[in-house]
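K.L.:
I have a structure I would like to understand better, so I am pasting it below and will then ask my questions one at a time.
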Amino acid sequence: MNVLVACFSASGKIGGIAEALANKLDAQYVNIEPSIGFLKGIDSMRSYFKLKAGIKPCQTDLSDVDHLVIVSTAATASASSYIMKYASSLTNCEGKKFSTVTRESNSNRSDPYNPIYTVGSAPEQIRKELEKKGMILFEEKILGGPIDTPKAARIVIDRFSEKILSSSP
Numbered sequence: 007m008n009v010l011v012a013c014f015s016a017s018g019k020i021g022g023i024a025e026a027l028a029n030k031l032d033a034q035y036v037n038i039e040p041s042i043g044f045l046k047g048i049d050s051m052r053s054y055f056k057l058k059a060g061i062k063p064c065q066t067d068l069s070d071v072d073h074l075v076i077v078s079t080a081a082t083a084s085a086s087s088y089i090m091k092y093a094s095s096l097t098n099c100e101g102k103k104f105s106t107v108t109r110e111s112n113s114n115r116s117d118p119y120n121p122i123y124t125v126g127s128a129p130e131q132i133r134k135e136l137e138k139k140g141m142i143l144f145e146e147k148i149l150g151g152p153i154d155t156p157k158a159a160r161i162v163i164d165r166f167s168e169k170i171l172s173s174s175p
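Everything in the sequence shown is counted per our numbering, starting at 7 for the first residue and increasing by one.
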């Protein structure tokens, strides 16, 4: 199975998890980068108003991909504008499976025991954009709490990758 892991990470924390997940899945890794410098406040405003931002060219053709995994943090309880731009740019993706991993943003952490509150509608926004392109949801994962420790991150990576690999034809 050919898996592609795509991630936008402003701080690098979720990026490290995405790279480790890509390694565990023996997958290609795409680092989604802003076309101009990243400004957290601007991304938060774009996300809040559901505006898409510019991204640098990266792999968006899924012809040779069986399963796409999008990994991101929530920005103001919405999907990052960079993730939404990437999702809307995908081609040749109809009928392909996808999974999402969304982490609560530390700046959104008003309730550390309820990650659903801090990720808001981010997973739903990503899912709707990909389903609009004919993709099929396989798994959604919301990460909350202290996943910055190596042990916690490893557990998440192992469980998520096992589930994806077990779906292999």
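Glycine included, each C-beta is placed from N, C-alpha and C at the ideal position.
Start and end of the beta strand (DSSP E) containing residue 12?
P.N.:
Your numbering for residue 12 matches position 6 in the sequence shown. 9-13 is the extent of the beta strand (DSSP E) around residue 12.
K.L.:
Applying the criterion that 16 or more other CB atoms from any shown protein chain within 10 Å of the CB defines a buried residue, is residue 138 buried or exposed?
P.N.:
Taking the sequence shown and counting its residues from 1, one reaches residue 138 at position 132. By the neighbour-count rule (16 or more Cβ atoms within 10 Å), residue 138 is not buried but exposed.
K.L.:
Alpha carbons only, please: which of 87, 166, 86, 98 is nearest the one belonging to residue 65?
P.N.:
Taking the first residue of the sequence shown as 1, we reach residue 65 at position 59. When only C-alpha atoms are compared, the closest one is 98.
K.L.:
Can you tell me which of 109, 73, 10 puts its alpha carbon nearest to the alpha carbon of residue 36?
P.N.:
On the sequence shown, position 30 is the one that residue 36 refers to. Checking every option, the nearest Cα to that of residue 36 belongs to 10.
K.L.:
Can you find the residues in the same chain that come closer than 7 angstroms, C-beta to C-beta, to residue 95, ignoring five residues on each side of it along the sequence?
P.N.:
The count along the sequence shown starts at 1 and reaches residue 95 at position 89. If we look at residue 95 and ignore the five residues flanking it on each side, its Cβ neighbours are 66.
K.L.:
So, residue 86 versus residue 20, is the Cβ gap smaller than 8 angstroms?
P.N.:
Within the sequence shown, numbered from 1, the residue matching residue 86 stands at position 80. Within the sequence shown, numbered from 1, the residue matching residue 20 stands at position 14. Taking 8 angstroms as the Cβ cut-off, residue 86 and residue 20 do not qualify as a contacting pair.
K.L.:
Note down, in chain order, each residue of its chain lying with its Cβ closer than 7 angstroms to the Cβ of residue 8, except the 5 sequence neighbours on either side.
P.N.:
Position 2 of the sequence shown, counted from the first residue, corresponds to residue 8. Here the set comprises 70, 71, 72.
K.L.:
Residue 93 to residue 135, Cα distance in whole Å?
P.N.:
Here residue 93 refers to the residue found at position 87 of the sequence shown. Here residue 135 refers to the residue found at position 129 of the sequence shown. Distance between the alpha carbons of residue 93 and residue 135: 7 angstroms.
K.L.:
Assuming residue 132 and residue 14 make a contact with CB atoms under 8 angstroms, what is their CB distance in whole Å?
P.N.:
Within the sequence shown, the letter at position 126 stands for residue 132. Within the sequence shown, the letter at position 8 stands for residue 14. Separation of the CB atoms of residue 132 and residue 14 is rounded to 11 angstroms, and the pair is thereby denied contact status at 8 angstroms.
K.L.:
Could you tell me how far apart the beta carbons of residue 104 and residue 141 are, in whole angstroms, since I believe they sit closer than 8 angstroms?
P.N.:
Locating residue 104 in the sequence shown gives position 98, where the first residue counts as 1. Locating residue 141 in the sequence shown gives position 135, where the first residue counts as 1. That belief holds up - the Cβ atoms of residue 104 and residue 141 are roughly 5 angstroms apart, short of 8 angstroms.
K.L.:
Could you say which of 161, 171, 163, 83 lies nearest to residue 130 if we only look at CA atoms?
P.N.:
Position 124 of the sequence shown, counting from 1, holds the residue named residue 130. With distances taken between Cα atoms, residue 130 lies closest to 83.
K.L.:
Report the rounded CA-to-CA distance for residue 170 versus residue 144, giving the unit in angstroms.
P.N.:
Translated into the one-based positions of the sequence shown, residue 170 becomes position 164. Translated into the one-based positions of the sequence shown, residue 144 becomes position 138. Straight-line Cα distance between these residues: approximately 8 angstroms.
K.L.:
DSSP on residue 34, reduced to helix/strand/coil?
P.N.:
For the purposes of this step, residue 34 is identified with residue 28 of the sequence shown, where counting begins at 1. Reduced to three states, the DSSP call for residue 34 is strand.
K.L.:
Residue 162 by DSSP, collapsed to three states: which one?
P.N.:
By one-based count along the sequence shown, residue 162 stands at place 156. The answer is helix: DSSP assigns residue 162 an H, G or I state.
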